[in-house]
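So the structure is just underneath, and the comments pick up after that.
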Amino acid sequence: MSKSHGSRRNFLKGTAAIMAAPAILKYTNAYADNPVIKIGHVSPRTGSLAGFAEADDYVLAAIAKAFEGGIENNGKRYTVKIISKDSQSNPNRAAQVAADLILRDEVDIIVAASTPDTVNPVADQAEAMEVPCITTDCPWQPYFFGRKGVPGKGFDSTYHFFWGLEDVIGSFLDMWGKTGVKKVAGGLFPNDADGNAWGHPELGLPKPLAEAGYNLVVPGQYQPLTDDFSSQISAFKEAGCEIITGNMIPPDFATFWSQAAQQGLKPKVVTIGKAILFPSVVESLGERGDGLSSEVWWSPNHPFNSSLTGASAKDLAHGYTAASGRPWTQPIGFKHALFEVVADVIKRADDLSDPSAIIKAIAGTKLDTIVGNVDWSNGPINNVTKTPLVAGQWQREGDKFDLKIVANTSAPAIPLTGELKLLG
Amino acid sequence: MDWINALIQGILLGGLYALFAAGLSLIFGVMRLVNIAHGDLIVLAAYLGLSVTIMLGIHPLLAMFAVVPMMAAIGYVLQRGILNKTLGDDLLPPLLVTFGLSVIIQNVLLEVYSADPQKLDAGTLEIASISVGDLSIGVLPLLTFGIAVAIIASLHWMFYHTSLGRSFRAVSDNQDIAQLMGLNRRHIFGLAMALALAVTAVAGVMLGVRTNFDPSIGGARLIFGFEAVIIGGLGNLWGTLVGGIILGVAQTLGAQINPGWQLLAGHITFLCIIAFKPRGFFPRVSG
Numbered sequence: 152m153s154k155s156h157g158s159r160r161n162f163l164k165g166t167a168a169i170m171a172a173p174a175i176l177k178y179t180n181a182y183a184d185n186p187v188i189k190i191g192h193v194s195p196r197t198g199s200l201a202g203f204a205e206a207d208d209y210v211l212a213a214i215a216k217a218f219e220g221g222i223e224n225n226g227k228r229y230t231v232k233i234i235s236k237d238s239q240s241n242p243n244r245a246a247q248v249a250a251d252l253i254l255r256d257e258v259d260i261i262v263a264a265s266t267p268d269t270v271n272p273v274a275d276q277a278e279a280m281e282v283p284c285i286t287t288d289c290p291w292q293p294y295f296f297g298r299k300g301v302p303g304k305g306f307d308s309t310y311h312f313f314w315g316l317e318d319v320i321g322s323f324l325d326m327w328g329k330t331g332v333k334k335v336a337g338g339l340f341p342n343d344a345d346g347n348a349w350g351h352p353e354l355g356l357p358k359p360l361a362e363a364g365y366n367l368v369v370p371g372q373y374q375p376l377t378d379d380f381s382s383q384i385s386a387f388k389e390a391g392c393e394i395i396t397g398n399m400i401p402p403d404f405a406t407f408w409s410q411a412a413q414q415g416l417k418p419k420v421v422t423i424g425k426a427i428l429f430p431s432v433v434e435s436l437g438e439r440g441d442g443l444s445s446e447v448w449w450s451p452n453h454p455f456n457s458s459l460t461g462a463s464a465k466d467l468a469h470g471y472t473a474a475s476g477r478p479w480t481q482p483i484g485f486k487h488a489l490f491e492v493v494a495d496v497i498k499r500a501d502d503l504s505d506p507s508a509i510i511k512a513i514a515g516t517k518l519d520t521i522v523g524n525v526d527w528s529n530g531p532i533n534n535v536t537k538t539p540l541v542a543g544q545w546q547r548e549g550d551k552f553d554l555k556i557v558a559n560t561s562a563p564a565i566p567l568t569g570e571l572k573l574l575g
Numbered sequence: 289m290d291w292i293n294a295l296i297q298g299i300l301l302g303g304l305y306a307l308f309a310a311g312l313s314l315i316f317g318v319m320r321l322v323n324i325a326h327g328d329l330i331v332l333a334a335y336l337g338l339s340v341t342i343m344l345g346i347h348p349l350l351a352m353f354a355v356v357p358m359m360a361a362i363g364y365v366l367q368r369g370i371l372n373k374t375l376g377d378d379l380l381p382p383l384l385v386t387f388g389l390s391v392i393i394q395n396v397l398l399e400v401y402s403a404d405p406q407k408l409d410a411g412t413l414e415i416a417s418i419s420v421g422d423l424s425i426g427v428l429p430l431l432t433f434g435i436a437v438a439i440i441a442s443l444h445w446m447f448y449h450t451s452l453g454r455s456f457r458a459v460s461d462n463q464d465i466a467q468l469m470g471l472n473r474r475h476i477f478g479l480a481m482a483l484a485l486a487v488t489a490v491a492g493v494m495l496g497v498r499t500n501f502d503p504s505i506g507g508a509r510l511i512f513g514f515e516a517v518i519i520g521g522l523g524n525l526w527g528t529l530v531g532g533i534i535l536g537v538a539q540t541l542g543a544q545i546n547p548g549w550q551l552l553a554g555h556i557t558f559l560c561i562i563a564f565k566p567r568g569f570f571p572r573v574s575g
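Protein sequences, first through last, are from chains A and B. Note that my numbering gives residue 237 to position 86 of the first sequence, counting from 1, and the numbers run on in steps of one. Note that my numbering gives residue 560 to position 272 of the second sequence, counting from 1, and the numbers run on in steps of one.
Written out as C-alpha cells, the structure is:
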C-alpha cells in the first residue's frame with residue numbers, strides 16, 4: 152500500500168507527458184485511420200456486490216487484447232474503445248454513470264452485468280435514451296418485471312441473456328429427486344428483490360414445489376441482516392424438514408447455519424441461492440461449507456468455447472486462478488460472453504452509426520459463447536434469452552472446495568462431475 | 289416451548305447488542321460524542337481479528353488479547369489526533385467527522401481485504417450447545433452474553449471505584465472545571481476512546497465468530513447499538529445491557545409471530561419506549 156513520495160521533477164515530467172499525450176496520440180496510426188466505436192461498461196467494482204466484479208480486470212484485459220486490431224464491419228476496420236465505470240453497488244449510482252456514459256462519452260453500445268441493482272438502472276437509462284444495451288448476470292424475472300416490462304411488447308433498445316427462476320426450480324427439483332429424502336423443505340426468503348421473487352406464492356418456489364409433491368414450510372419472509380433465526384429453526388424442526396432451501400445473502404446464511412447446528416436442526420440437503428455462489432464464502436464457513444448445494448450458471452467443465460479467443464471454459468477459469476491466485480467464480484464466464492456478443496454485433500450491424508441498426512443486429516444474434524448459445528429469437532419473453540443452468544454441490548477435497556455438478560437433466564450437454572452427498 | 293426458546297434466544301441476542309452498544313454508551317457518557325463510525329470500527333476489529341488468527345494460527349478468542357490492545361491504541365490516537373479537535377459546544381462537527389471516518393474505514397477495508405465475506409473460524413465452539421430439557425442453547429451466544437455482562441460490570445466498577453473512573457465522571461460533569469482541577473481532558477478523552485474501542489474489539493471478534501462480515505456491513509450493526517443505548521438511558525452502562533436485552537427479546541418474540549416482524553418488532557419497541565420514556569429507562573441522574 153505504501154507509495155514513495157514523488158519529487159517535484161517527477162511530477163512535472165508526468166504532467167508534461169499527460170498534457171502532451173493527446174497531441175502525440177493524434178499522429179499515431181490506430182487513432183488516425185480507423186473510426187472508433189465506443190462501448191460503455193457498468194459494473195459493481197466496489198461495495199457489497201464487488202465479488203461479482205472481482206475478475207473484471209482479468210476479463211477486460213483479455214477482451215482488450217482480442218480487440219487490439221479492431222473489428223471489421225462492412226469492409227471497414229473499427230477501433231473498439233471500452234469505457235468501464237463503477238456502480239459502487241448502488242442502483243442510483245449505476246443510473247448516473249450510465250447517463251454519463253451515454254451523454255458525455257457518447258458510447259455507441261452500453262453493457263452491464265451483476266444483479267438487478269446494476270442491470271436494471273443501466274437498462275432503464277439506455278431504454279430512455281434509445282442507446283443499444285446488452286446485459287447479463289441477473290435472473291430474467293427481476294430484469295423484465297422489475298423494469299415493468301409488458302409480456303408481448305418488451306423493450307425497444309435493451310436486451311438480456313441469463314436464466315430464470317423456472318430453471319432454478321427445475322434444477323433444484325432434479326437434484327433433490329435423486330436423493331430420496333423426505334419431501335419436506337424449509338424455505339428461507341428475505342424481504343428483498345430476490346427473496347420476493349423466489350418466495351412469491353405463484354411465480355416463485357412455493358407453487359412448483361407443491362406440484363412436485365414437496366411440503367414447503369415458510370414461516371415468513373425475514374428482513375436481511377437478521378441476527379437470529381431461532382423461530383425459523385424451531386418451525387423447521389417441528390415440521391421435520393430434511394431439505395433447507397431459499398435465497399440468502401452470505402452473512403444471513405452464516406448466522407442461520409451456525410444457529411441451526413447449535414439448536415439441533417440437522418437437514419440432509421441444504422440448497423441455497425446466491426449466498427454460496429462464491430468459493431470465498433464457502434471457504435469462510437470452514438468444514439461446515441462441505442456439502443452445501445446451489446445453482447450453477449457456469450463452471451470450468453461447461454463444454455463451451457469463446458467465440459472471440461477460442462479459449463475453453465477451463466482455460467478462462469484457470470487463467471483467472473493463475474493470474475490472480477484466487478479461485479474462479481461463475482460471473483467470469485458471463486462477463487466474457489457479454490463482450491463476445493458485443494463483438495459479434497459490431498461485426499454484423501448494417502450501419503454502426505445508426506443505433507437502430509445496432510439494435511437490429513443484437514436481436515438477430517445467434518452466437519455460441521463461452522456460457523452457451525445466445526439467441527434472442529427463442530427466449531422465454533421479449534428481449535430475453537436463456538443460457539443453460541444446472542445444480543452443483545460444494546465438496547471438500549483436501550483443503551480446497553470444488554463445485555461438483557450433480558444434476559443436469561435440463562442441460563445434458565453439461566457433464567456431471569460428481570454425485571450429491573447427503574449432509575450429516 | 290417455542291416461546292420460551294424465543295425468549296431465551298432473545299436474551300442471549302441482547303448480550304450481543306449490549307456488546308455493540310457498550311462502547312457507544314461509554315463515549316457518549318464521557319464526552320457527549322455520537323460516534324457514527326462505531327459500526328465500522330466493530331468491523332475493523334473483526335478484520336484485525338481475522339489477520340491475527342491467520343498470521344498466528346490461533347483461536348479467535350485468543351486473538352482477542354492482541355486485537356483489544358490494538359484497537360485501544362487506535363482509539364487513543366484517533367481521539368487525540370482527530371476527534372479532540374472537533375469537540376466543542378456544537379454537536380455537529382464530531383458527527384460529520386465520524387461519518388467521514390466511517391466512509392474511510394469501509395473503503396480502506398475494501399482495498400486491503402477485498403469484498404469477500406470473511407468469518408472467524410472458532411471450530412466446534414460455533415456449533416456446540418447445551419441441552420436444557422427440550423431447549424438447546426448455543427454455547428457461543430451464552431459466552432457472548434457472559435462476556436457482555438462481565439464487560440459492563442467491570443466498566444461500571446471502573447467508573448465508580450477507580451481514579452480513572454473519577455476523572456471520566458469529572459470531565460463528563462463539567463469539562464472546564466475538571467480542567468481547572470488539573471485533569472488534562474484531552475488525555476482523559478483519549479483514554480475513554482481507547483477503552484471504548486477495546487470493548488468494540490471484543491464485540492468485533494464475537495460478531496466475526498457468529499456470522500460473516502464484509503467491509504460494508506458496519507452500518508447495519510450501528511442502529512441496534514444506538515437503540516440499546518437509548519432504551520437503557522444515555523450514559524448508563526447497566527441500562528445499556530437492559531436495552532440490548534429488551535431489543536433482542538422484542539426481535540425474537542416478533543419473529544415467533546412472523547419472521548417478517550423480527551427487526552420491525554425491535555424498532556417498534558424502541559419507538560414506543562422513546563414515546564413514553566424519552567430519556568430511556570435508567571437515565572443517568574444529572575447534576
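Ideal Cβ positions, reconstructed from N, Cα and C, are used throughout, including at glycine.
Along chain A, which residues have their Cβ under 7 Å away from the Cβ of residue i?
i               : result
Q539 of chain B : D379
I415 of chain B : S409, A412 and Q413
Measure from the alpha carbon of residue i to the alpha carbon of each residue in the options, then state which is nearest.
i               : options                           : result
G321 of chain A : A:G575, A:A542 and A:L574         : A:A542
L443 of chain B : B:M358, B:T432 and B:F456         : B:F456
E223 of chain A : A:V493, A:V557 and A:D441         : A:V493
I565 of chain A : A:W545, A:V522, A:W479 and A:P401 : A:V522
G442 of chain A : A:V210, A:G569, A:K232 and A:A246 : A:G569
K498 of chain A : A:K517, A:D345 and A:Q481         : A:K517
N398 of chain A : A:P482, A:R196, A:D208 and A:N342 : A:N342
Quick check: the Cα distance between residue i and residue j, rounded to an integer number of angstroms?
i               : j               : result
A426 of chain A : F404 of chain A : 7 Å
Q550 of chain B : Y373 of chain A : 7 Å
E389 of chain A : G507 of chain B : 35 Å
P580 of chain A : G476 of chain A : Nothing can be reported for residue 580 of chain A: it is not among the residues displayed for chain A, which extend from 152 to 575.
R228 of chain A : A249 of chain A : 27 Å
V421 of chain A : Q544 of chain A : 9 Å
I423 of chain A : Y365 of chain A : 16 Å
T230 of chain A : V187 of chain A : 5 Å
S339 of chain B : L380 of chain B : 34 Å
L479 of chain B : A334 of chain B : 21 Å
Q539 of chain B : F407 of chain A : 15 Å
Which residues in the same chain as residue i place their Cβ atom closer than 7 Å to its Cβ, once the five residues preceding and following it in sequence are excluded?
i               : result
R473 of chain B : V459, Q463, A466 and Q467
S313 of chain B : V517, G523, L525 and T528
G575 of chain A : K417 and K419
P352 of chain A : K358
I596 of chain A : It is not possible to answer for residue 596 of chain A, since the shown part of chain A is limited to 152 through 575.
L398 of chain B : P503
P451 of chain A : A464, K465, A468, H469 and W479
G575 of chain B : Since pLDDT at G575 of chain B reaches only 34, below the 50 mark, its modelled position is unreliable, and the value read off the structure follows with that caveat. Contacts found: none.
L383 of chain B : V322 and I324
Cβ of residue i within 9 Å of Cβ of residue j?
i               : j               : result
A489 of chain B : M343 of chain B : no
S390 of chain B : G327 of chain B : yes
M481 of chain B : L408 of chain B : no
T520 of chain A : S458 of chain A : yes
K189 of chain A : K236 of chain A : no
Q481 of chain A : L567 of chain A : no
List the residues of chain B that residue i touches, going by C-beta distances under 9 Å, in chain order.
i               : result
S199 of chain A : A403, D502, P503, S504 and I505
Q481 of chain A : Chain B residues near Q481 of chain A: none, gap ~15 Å exceeds 9 Å.
Can you pull the chain B residues whose beta carbon is under 8 Å from the beta carbon of residue i, in chain order?
i               : result
N342 of chain A : G548
S117 of chain A : Residue 117 of chain A falls outside the range modelled here, since chain A spans only 152 to 575, and no answer is possible.
V432 of chain A : D404, P405 and N500
P402 of chain A : P405, T499, N500, F501, D502 and I505
Which bits of chain A does residue i rub up against, with CB to CB less than 9 Å?
i               : result
G426 of chain B : S409, Q410, A412, Q413 and Q414
Suppose the cutoff is 6 Å on Cβ atoms and the five residues either side in sequence are ignored; what does the same chain contact list for residue i look like?
i               : result
I534 of chain B : I519
F433 of chain B : L300 and G303
A363 of chain A : L324
T557 of chain B : A538
A294 of chain B : T540, L541 and Q544
For residue i, which residues in chain B fall below 7 Å Cβ to Cβ?
i               : result
G371 of chain A : N546, P547 and G548
*Give the residues from the stretch 435 to 452 of chain A that approach chain C closer than 7 Å (Cβ to any Cβ), ordered along the chain.*
Looking at the structure shown, chain C is missing, and the protein chains on hand are A and B.
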